[in-house]
Amino acid sequence: MSGNPLPYSAIPGEGKVKLKRVAAWLTTLFLPAAALAGDGKPGDFDYYVLSLSWSPAWCAQEGDARADPQCDRGRRHGFVLHGLWPQYEQGWPDYCRTTHNDPTRAETAAMADLMGGAGYAFHQWKKHGRCSGLSPRDYYATARRAFTGVTIPPVFTKMTKTLKVPAEVIEGAFLESNPGLERDQITVTCKEGMIQEVRICLTRDLEPRRCGSDTIRDCRLKDAVLEALR
Numbered sequence: 007m008s009g010n011p012l013p014y015s016a017i018p019g020e021g022k023v024k025l026k027r028v029a030a031w032l033t034t035l036f037l038p039a040a041a042l043a044g045d046g047k048p049g050d051f052d053y054y055v056l057s058l059s060w061s062p063a064w065c066a067q068e069g070d071a072r073a074d075p076q077c078d079r080g081r082r083h084g085f086v087l088h089g090l091w092p093q094y095e096q097g098w099p100d101y102c103r104t105t106h107n108d109p110t111r112a113e114t115a116a117m118a119d120l121m122g123g124a125g126y127a128f129h130q131w132k133k134h135g136r137c138s139g140l141s142p143r144d145y146y147a148t149a150r151r152a153f154t155g156v157t158i159p160p161v162f163t164k165m166t167k168t169l170k171v172p173a174e175v176i177e178g179a180f181l182e183s184n185p186g187l188e189r190d191q192i193t194v195t196c197k198e199g200m201i202q203e204v205r206i207c208l209t210r211d212l213e214p215r216r217c218g219s220d221t222i223r224d225c226r227l228k229d230a231v232l233e234a235l236r
């Protein structure tokens, strides 16, 4: 489209009031799905997304710049718990207001073995855990149960060299190691050409279920970088 845009006064039949309504309507088109899905009431969600982050990729992209201890050589972190996220069928709540107190330092520290650090455990509570309707203790216990309920394919504990692999190979390995898990219940994401995360959709009872259409964002790369363990 060329030329200068018409001022609102030159648009036939449009007045200031109507223009404001149009502008408000257009704004809703660009709101994130989370903002459109609900009011973020704790406990009001449809299912969970269990997000498993490939630690070497996170370190290469973010952690090294922060000098995060998670990325120290010899830690050998592979897939770590990124988070357990309450999800709507479309969109998700975050930063909900809750009557529960924030977790204690002891509670966040107790999650470091799965999440790579206590600080990240607190961030996940603040953004996602508050929307679960659970207390910090129960939220972390639920996240731990969800994580331990998934078998990490043994091959990913032995990654001594950086490889380039089709992203679908990562998904296939998880499906093989977790009988009963279906392709529409898991998605693999990439970031900056690297394998980033494996996300598994779970019911509120932590049973595998089909992911919502906005959650299934499979990486299609045939040469995704899988960083070696450190």
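Per this note's numbering: the sequence shown = residues 7 to 236.
Just so it is clear, CB atoms sit at the ideal spot from N, CA and C, and this is done for glycine as well.
Boundaries around W60 are those of the beta strand (DSSP E), Y53 to W60, since no alpha helix (DSSP H) includes it. Cβ contact annotation for D229 (same chain, cutoff 6 Å, sequence separation greater than five): K170, in chain order. Restricting attention to A152, T209, Y145 and C196, the CA atom closest to the CA of P62 is found in C196.
In this structure, DSSP gives K132 a helical state, which the three-state scheme calls helix. Unbroken alpha helix (DSSP H) runs of no fewer than 4 residues, entirely contained in the region 162-223, are found at 173-183, following chain order.
By the CB criterion at 8 Å, D224 and V204 fall outside the cutoff. For the pair E233 and A66, the CB atoms are nearer than the 8 Å cut-off.
When only Cα atoms are considered, A116 and L56 end up about 18 Å apart. In terms of Cβ geometry, Y126 and G135 do not form a close pair [threshold 8 Å]. The region 142-160 makes contact with the region 171-189, as at least three CB pairs between them are under 8 Å. Residue burial is scored here from C-beta neighbours: E95 has fewer than 16 other C-beta atoms within 10 angstroms and is therefore classed as exposed.
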